[in-house]
Each structure stands twice: as structure tokens, then as C-alpha cells.
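The sequence shown begins at 32 in my numbering and counts up one residue at a time. Worksheet for the structure shown next.
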Amino acid sequence: MLSVPLTPELEEKINRLVEDGVAANKADLARKAIEFFAEQQAIEDVLRAEKELADGKLLSGDLDELAKRI
């Protein structure tokens, strides 16, 4: 179980989003927000990798060797 103290402003935003039908309830909204955040992080990681590739920052190595170390 997760318990997070919120400001009154955040609590109101959550209530409005639930009332607007964005999520079934507060817990559902929290799950959706976490999933959305994770997706945004993944997108940023891909964009960063593409930029590094465009900037010529290539990595090379043996993935099997790396996997053995992990």
C-alpha cells in the first residue's frame, strides 16, 4: 500500500480528473500516471540514444560478455 501526502491543489486536480472520467478512481489515476511517466521516460531514453547516435557517440562491445557480467 502506498500513502502519499498531497497538497490541497493536487488533491483537487486528482478529484477533477476522476470526476472528468480520466480514471475510475484515485487509485486507477495513480496507476495510469505512473504508467504514463514510465512511457515518457522510455521515450526520452530513445530520443537521447538517437541524439547520441547522430552525434557519433556509438558504443561497441560484446553483448554476451556484458550479459555475463550482470
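Every residue, glycine too, gets a C-beta built ideally from N, C-alpha and C.
Worksheet item: Do residue 48 and residue 37 have their C-beta atoms within less than 8 Å of each other?
Response: no
Item to complete: Given a cut-off of 8 Å, decide if residue 54 and residue 44 are closer than it, judged by their beta-carbon atoms.
Response: no
Practice prompt. Let me know the secondary structure DSSP gives residue 58 once reduced to three states.
Written response: helix
Discussion item. I'd like the span of the alpha helix (DSSP H) that includes residue 49, first residue to last.
Written reply: 39-50
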